[in-house]
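Using the UniProt record's numbering, read the sequence shown as starting at 1 and increasing by one per residue. Ideal Cβ placement from N, Cα and C applies to all residues, glycine included. Computed from a predicted model, the values in this text were never measured in an experiment. The structure appears below as structure tokens.
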Amino acid sequence: MSLVFNWAALGQRSEGPGTGGTLRREPQDFRVEEVPAYAFSGEGSHLYLHVEKTGHTTAHVVRELCTQLGLRDRDVGVAGLKDRHAVTTQWLSVPAKYESRLGSFALDGVHILETVRHGNKLGMGHLRGNRFVVRVRDAAGQAPVAEATLRTLVDGGVPNYFGPQRFGLGGLNAEEGLRVLRGESTLRDPRVRRFLTSSVQSAIFNAALSLRLERGIFAAVLAGDMAKKHATGGVFLVEDAAAESSRAVAGEISATGTLFGRKVRPLTLDAGELEAEALAAFGLTPAAFQSRLGDRRFTRVFPEDAGVEATEDGFVAAFTLPKGSFATSVLREIMKSDVDFTALEGSPDTSSADGADTDQEES
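Here it is as structure tokens:
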């Protein structure tokens with residue numbers, strides 16, 4: 001099986017026609033707002049900056065903050081990584097003692113909307129999710145189709161695929177990641193090597209999830225699955241799939257897929273057979289991922305606060321997703337096209353173009 005990302009190779013959740021259309025004609029067409037995981041106290045030794053940016057990656061903004069304020073890279077806290085292909089708002093943290101220097105900070109396309117004190121440094125993953133407001137052009141009259149599909153996804157869940165942004169320009173990151181795993185890559189930057197191998201993890205996760213869709217078990221759990229509760233995050237082994245089926249159908253629980261690594265055991269029984277099939281298609285075994293910690297990821301997520309508004313040339317879709325989930329997975333179901341695969345320009349970077357967060361920095 002190819003490691004190059006291809007939407008056509010991944011099963012769809014929804015049926016019926018797609019809206020078609022065009023994304024990102026202007027940066028303002030794709031807006032992402034980070035949703036914090038907790039309320040900020042208003043006091044403490046760290047200063048949280050609410051930043052709106054256009055045309056910059058999070059990494060670039062952090063570098064500029066360090067340069068202009070005299071910070072070290074490790075002084076700046078971020079909850080998630082957003083890149084330049086959208087108008088995004090997110091929170092960053094810096095030591096409060098640097099507050100007096102903020103007045104001199106200037107970067108085109110970046111605005112500090114507000115600041116607030118808090119007791120701890122912001123850490124990766126310290127967010128609940130992201131709010132997306134996306135304008136789809138060249139789809140006049142298609143708002144009812146978009147609304148119907150979005151309702152289906154709200155009720156039954158959307159496949160929690162890693163979108164094309166995870167796989168870089170041309171979808172080739174996983175191929176280089178495989179060379180890293182085999183010891184064939186000449187790349188030396190450890191952060192880049194981690195990101196590239198995470199692309200291989202992501203490709204295998206996508207393949208296993210697609211098999212579940214193709215075999216009609218997207219909304220079900222199998223014996224051997226490690227299921228997760230959507231309300232509490234609790235994870236448990238499914239021993240009797242029939243007994244857990246009603247909770248799965250109701251959306252209370254969903255199966256998780258494996259991001260292979262030394263700290264995560266592969267699935268067993270029926271679920272393990274399906275996942276092993278996906279892994280074998282790439283000519284890999286779990287032992288290839290001993291350099292990674294590994295993790296588990298929901299196979300489906302449920303968009304919240306979702307709605308569609310018609311525009312003259314198409315529609316605007318708005319929805320909130322949990323951290324780490326890709327808006328492109330929702331938009332692909334609505335548009336039934338290769339969403340964003342050709343929209344990315346320039347060199348691939350290690351952040352997500354649709355505002356989803358790189359929740360695998362250490363997995």
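Residue i to residue j, Cα distance in whole Å?
{"i": "Leu284", "j": "Leu172", "result": "18 Å"}
{"i": "Asp29", "j": "Ala241", "result": "43 Å"}
{"i": "Trp7", "j": "Ala96", "result": "45 Å"}
{"i": "Leu3", "j": "Met335", "result": "24 Å"}
{"i": "Ala278", "j": "Val158", "result": "20 Å"}
{"i": "Thr19", "j": "Leu211", "result": "25 Å"}
{"i": "Phe205", "j": "Val238", "result": "19 Å"}
{"i": "Ala223", "j": "Asn160", "result": "21 Å"}
{"i": "Arg72", "j": "Ser202", "result": "31 Å"}
{"i": "Met1", "j": "Ala106", "result": "47 Å"}
{"i": "Glu15", "j": "Glu34", "result": "30 Å"}
{"i": "Arg247", "j": "Glu175", "result": "38 Å"}
{"i": "Glu333", "j": "Thr149", "result": "7 Å"}
{"i": "Val78", "j": "Arg292", "result": "22 Å"}
{"i": "Asp83", "j": "Pro286", "result": "31 Å"}
{"i": "Glu309", "j": "Leu213", "result": "29 Å"}
{"i": "Leu344", "j": "Glu304", "result": "Legend: pLDDT at Leu344 = 42, less than 50; position of this residue unreliable, no value from coordinates given."}
{"i": "Ser198", "j": "Gly125", "result": "16 Å"}
{"i": "Val62", "j": "Ser325", "result": "23 Å"}
{"i": "Leu122", "j": "Ala207", "result": "33 Å"}
For the ligand HEM, I want to know if residue i counts as a neighbour, meaning its beta carbon is within less than 7 Å of at least one of the ligand's heavy atoms.
{"i": "Ala139", "result": "For the ligand HEM, the structure offers nothing, since it holds no ligand at all."}
Considering just the uninterrupted stretch of the alpha helix (DSSP H) at residue i, what are its terminal residues?
{"i": "Leu253", "result": "A small correction: the amino acid at residue 253 is Ile; Leu does not occupy that position in the sequence shown. No alpha helix (DSSP H) contains Ile253, which is instead part of the beta strand (DSSP E) from 253–259."}
{"i": "Glu34", "result": "Where Glu34 is concerned, there is no enclosing alpha helix (DSSP H), although the beta strand (DSSP E) it sits in stretches over 30–36."}
{"i": "Gly233", "result": "That residue, Gly233, is in no alpha helix (DSSP H); it is neither H nor E in DSSP."}
{"i": "Asp155", "result": "143–156"}
{"i": "Pro190", "result": "190–214"}
{"i": "Ala227", "result": "Note, Ala227: premise wrong, no alpha helix (DSSP H); beta strand (DSSP E) at 226–229."}
{"i": "Gly272", "result": "269–280"}
Please list, in chain order, all residues of the same chain as residue i whose beta carbon is under 8 Å from its beta carbon, the five residues on each side excluded.
{"i": "Arg296", "result": "Met226, Lys228, Val235, Thr256, Gly257, Thr258, Leu259, Val264"}
{"i": "Val134", "result": "Leu23, Asp29, Phe30, Arg31, Val316, Ala317, Ala318, Ala327, Leu331"}
{"i": "Pro17", "result": "Val145, Lys336"}
{"i": "Leu196", "result": "Asn173, Ala174, Glu176, Gly177, Val180, Ser185, Leu187"}
Am I right that residue i and residue j are in contact with their C-beta atoms under 8 Å? What's the rounded C-beta distance?
{"i": "His118", "j": "His46", "result": "5 Å"}
{"i": "Val87", "j": "Phe315", "result": "Incorrect: roughly 18 Å between the Cβ atoms, too far for contact."}
{"i": "Thr115", "j": "Tyr38", "result": "Rounded, the Cβ-Cβ distance is 17 Å, inconsistent with contact."}
{"i": "Phe218", "j": "Arg13", "result": "6 Å"}
{"i": "Pro36", "j": "Leu127", "result": "6 Å"}
{"i": "Glu43", "j": "Leu113", "result": "Going by Cβ atoms, the distance from Glu43 to Leu113 rounds to 20 Å, so no, they are not a contact pair."}
Anyone know if the C-beta pair for residue i and residue j falls short of 8 Å?
{"i": "Gln90", "j": "Gly103", "result": "no"}
{"i": "Val339", "j": "Pro322", "result": "no"}
{"i": "Arg25", "j": "His85", "result": "no"}
{"i": "Val330", "j": "Leu153", "result": "yes"}
{"i": "Gln142", "j": "Gly21", "result": "yes"}
{"i": "Glu244", "j": "Val221", "result": "yes"}
{"i": "Thr320", "j": "Asn130", "result": "yes"}
{"i": "Phe167", "j": "Phe5", "result": "yes"}
{"i": "Asp138", "j": "Asp270", "result": "no"}
Taking the beta strand (DSSP E) that residue i belongs to, which residues open and close that run?
{"i": "Phe132", "result": "127–136"}
{"i": "Glu52", "result": "46–54"}
{"i": "Ile112", "result": "110–118"}
{"i": "Pro322", "result": "314–322"}
{"i": "Arg74", "result": "No beta strand (DSSP E) holds Arg74; DSSP gives it neither H nor E."}
Looking only at its chain, what residues have a beta carbon closer than 7 Å to the beta carbon of residue i, apart from the 5 residues adjacent to it on each side?
{"i": "Asp75", "result": "Val94, Pro95"}
Report yes or no: is there a C-beta of chain B within less than 8 Å of the C-beta of residue i?
{"i": "Phe236", "result": "Here chain B cannot be found, since the structure has a single protein chain."}
Tell me which residues share the same chain as residue i and place their Cβ nearer than 6 Å to its Cβ, disregarding the 5 neighbours each side in the sequence.
{"i": "Leu69", "result": "Tyr98, Arg101"}
{"i": "Phe289", "result": "Phe260, Gly261"}
{"i": "Thr54", "result": "Pro27, Val87, Gly109"}
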